[in-house]
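Residues 49 to 154, numbered by our numbering, are exactly what the sequence shown covers, in order.
Below you'll find the structure, written out as structure tokens, and then a few comments.
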Amino acid sequence: MKKIMCLLVLYVLAMAGCASLVVGSPAGGQQTGNSISKEDARITNQVNSSLVHEPGISSLDVYVSTYQGIVTLRGYVSSQKMIDRAADISASVSGVKSVRNQLRVK
49 MKKIMCLLVL
59 YVLAMAGCAS
69 LVVGSPAGGQ
79 QTGNSISKED
89 ARITNQVNSS
99 LVHEPGISSL
109 DVYVSTYQGI
119 VTLRGYVSSQ
129 KMIDRAADIS
139 ASVSGVKSVR
149 NQLRVK
């Protein structure tokens, strides 16, 4: 189980790193077209990292996106309690202005 968790953490961190490589924001970090601001990428990475460490929330089932500091959560979790917990974790990340919680119970 510990090995699986370690692999999961490495996977999420690798994906977060790849996402930040796609960042191609213009001066001032503003979002245009398909690019994402550095701040939004940082927020998304931090939310993903925080969710990985939360028991009961599978980061493989939760998709996190951020636009202008607004975090959107999509996907599935095991209970309403986990939906609320994911929103609380996301809201606690520095720079998050609000959370759009679109998570559903499996």
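Idealized CB from N, CA, C, for every residue including glycine.
- For Thr120, the CB contacts under 7 Å within the same chain, skipping 5 residues up- and downstream, are Ser113, Arg148 and Gln150 in chain order.
- In the three-state DSSP reduction, Leu99 falls in the helix class (H, G or I).
- By the beta-carbon neighbour count (other beta carbons within 10 angstroms, threshold 16), Leu99 is buried.
- Counting the other CB atoms within 10 Å of its CB gives Ser140 a total below 16, which places it among the exposed residues.
- The beta carbon of Ser146 sits closer than 7 Å to those of Ile118, all from its chain and outside the five residues before and after it, given in chain order.
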